[in-house]
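Order-wise, the sequence lines are chains P and C.
Under the numbering used here, the letters of the first sequence match residues 1 to 178, in that order.
Under the numbering used here, the letters of the second sequence match residues 1001 to 1147, in that order.
Here is the structure we will look at, set down as structure tokens.
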Amino acid sequence: MTAANSLAAQTVASAPPSIAPPSFNDGASLFLFNLFLMTAAMFLGAMLVARQVSRIWAQRRFDHPLDPVSLYRIITVLAGIGLTLRCGAEALYLWGWAPSDPATVARVLMAKRWIDPVAVMAGMIWMGIVMLGEPGIEHQLRKAPLPVDMWSRWPTLVRALGIVILSFAAAASAVILR
Amino acid sequence: MKLQSAAGAAAAVPPVVWNLFGLGYPFEAGPFVVSVLMVLITRLCIYLNTKGRRQVFLDAAVTFLCCMIAALWTQAHSLNLLPAAISAMTIAGIGYGLIGIGKSQLLAALRSGVGEFFKGMADLPPAPPETDGQAIDRLKGDLDRVD
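This is the structure:
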């Protein structure tokens, strides 16, 4: 069975034309909200994954895989992978919505159904590592100096802010100029 | 009843079409703007963290080049939103490599053009077909030479 005559493609082809998937009930603002956040989260998650993987690779000679810092980094990588895959699949579906092209919508929907469980598996491994490493990690995290100076690092979030703003602009132009 | 009203409310919305400066080259505005913004987002994610003044100018120039190529590609193939966004992300990911690709294409075209030029210079014009009288004369000459 090809994508062009799959059940999803037939459903899309026989549905009334709309600017958004049917679950939005033609609500343009809700569609914009979803499109914006899914796109931004996909890009930010991909950046976080790349950063953490490069950190793990750079420190591989110094940090044993069972060190608390390694566990923390693995948890962060898995959270990023889960968020990126889940939001990326959803963004793929939202961006790919085109009533004039049901075959593409069907392919994207099938891709989403395959990608989402992988994202959930990443989340489950993350939660498992949290449970297994809890005593050791908490023991290490209680050591002084305790307060973390977070606000001195705010310039690292400027790029993320730019991506959020540009994602909103892209989503808005997709909805308004359609 | 419900379905009827929904179909009536969701009458096909015509896409916004821009015709910049009255050039007579209309294109769909949505995929165009989306492709440019996707290039900017991808460049911001991957590359635009370099240090130094000249590097900043180079980055800006390459980003502008990527925007141009992505927008032209989107218009030339009149892509939908998703293909426009994905091809824009791919073009922005190639980044500096675009210059190398363009250079290699240009050099290959130049090389084949020069080759064709020299081949055309070297080729002699094709000989005109032989008539019956000429063939008889040639064969007679061969016979005389044998005798």
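Ideal Cβ positions, reconstructed from N, Cα and C, are used throughout, including at glycine.
- Members of the region 1016 to 1034 of chain C near chain P, C-beta cut-off 9 Å: Val1016, Trp1018, Glu1028, Ala1029, Gly1030, Pro1031, Phe1032, Val1033, Val1034
Does methionine 1121 (chain C) come within less than 8 Å of chain P when only Cβ atoms are used?
Judged by the 8 Å Cβ criterion, methionine 1121 (chain C) is not in contact with chain P.
>> Does asparagine 1019 (chain C) pass the burial test, meaning 16 or more other C-beta atoms within 10 Å, or should it be called exposed?
In response: exposed
Check your understanding: How is valine 130 (chain P) classed by DSSP in three states: helix, strand or coil?
Key -> helix
Proximal residues, the region 146 to 166 of chain P versus chain B, C-beta separation under 7 Å
The chain labelled as chain B is not found among the protein chains of the depicted structure, namely P and C.
- Specify, as a first and last residue, the run of the alpha helix (DSSP H) that glycine 88 (chain P) falls within. 68 to 96
How would you label methionine 1001 (chain C), buried or exposed, when you count the other beta carbons within 10 angstroms and need 16 or more for buried? Note that methionine 1001 (chain C) scores a pLDDT of 38, beneath 50, so its modelled location is shaky; the value from the coordinates is reported in the next line. With fewer than 16 other Cβ atoms within 10 Å, it is exposed.
message = Report the start-end ranges of each alpha helix (DSSP H) in the region 101 to 157 of chain P that is 4 residues or longer and not cut off at the edges.
response = 102 to 141
Practice prompt. Would you kindly check if the distance between the Cβ of leucine 166 (chain P) and the Cβ of isoleucine 1041 (chain C) is under 8 Å?
Written response: In this structure, isoleucine 1041 (chain C) places its C-beta atom within 8 Å of the C-beta atom of leucine 166 (chain P).
- Item | Residue span of the alpha helix (DSSP H) that contains arginine 1111 (chain C), given as start and end | Arginine 1111 (chain C) -> alpha helix (DSSP H) spans 1097 to 1122.
| task | Starting from the beta carbon of glycine 82 (chain P), find every residue of chain C whose beta carbon is closer than 7 Å, and list them in chain order. | result | Those within 7 Å of glycine 82 (chain P) in chain C number zero; the least Cβ separation is about 19 Å.
Given a cut-off of 8 Å, decide if tyrosine 1025 (chain C) and valine 1062 (chain C) are closer than it, judged by their beta-carbon atoms.
no
Within this structure, are the beta carbons of cysteine 1045 (chain C) and isoleucine 56 (chain P) separated by less than 8 Å? Against a cut-off of 8 Å, the Cβ pair of isoleucine 56 (chain P) and cysteine 1045 (chain C) comes out as no contact.
Are any of the Cβ atoms in chain C nearer than 8 Å to that of methionine 47 (chain P)?
yes
Report task. Measure from the C-beta of alanine 174 (chain P) to each C-beta in chain C and report whether the shortest distance is under 8 Å. Result -> With its beta carbon less than 8 Å from one in chain C, alanine 174 (chain P) belongs to the interface.
| Beta-carbon separation of serine 70 (chain P) and aspartate 63 (chain P) under 8 Å? | yes
- Give me whichever residues DSSP pairs with valine 1017 (chain C) in a beta bridge. Note: valine 1017 (chain C) sits in a beta bridge opposite C:Glu1028.
Check the Cβ-Cβ distances between alanine 1085 (chain C) and every residue of chain P, and say whether any is below 8 Å.
yes
Alanine 9 (chain P) to threonine 104 (chain P) span [Cα, whole Å]: 8 Å
- Relative to chain P, which residues along the region 1064 to 1081 of chain C have a C-beta separation below 7 Å, given in chain order? Asn1080, Leu1081
- Item | Residue burial classification, tryptophan 151 (chain P) (beta-carbon count within 10 angstroms, cutoff 16) | So tryptophan 151 (chain P) ends up on the exposed side.
Leaving out five residues on either side along the sequence, give the residues of the same chain with a beta carbon under 8 Å from the beta carbon of leucine 1098 (chain C).
-> Val1062, Leu1065, Cys1066, Ile1069, Ile1091
Which bits of chain C does phenylalanine 43 (chain P) rub up against, with CB to CB less than 9 Å?
-> Result: Ile1041, Thr1042, Leu1044, Cys1045.
Can you confirm whether arginine 210 (chain P), when its beta carbon is compared against all beta carbons of chain C, has any partner nearer than 8 Å? The question about residue 210 (chain P) has no answer here: the residues shown for chain P are numbered 1 through 178.
Please determine if the region 87 to 104 of chain P and the region 125 to 140 of chain P are in contact, where contact requires at least 3 C-beta pairs separated by less than 8 Å. These segments do not touch.
Compare the C-alpha of alanine 169 (chain P) against each of P:Ala111, P:Val108, P:Leu37 and name the closest.
P:Leu37
>> For valine 1033 (chain C), tell me which candidate among C:Arg1054, C:Leu1082, C:Ala1060 has the shortest Cα-Cα distance.
In response: C:Leu1082
Can you look up arginine 51 (chain P) in the DSSP assignment and give me helix, strand or coil? helix
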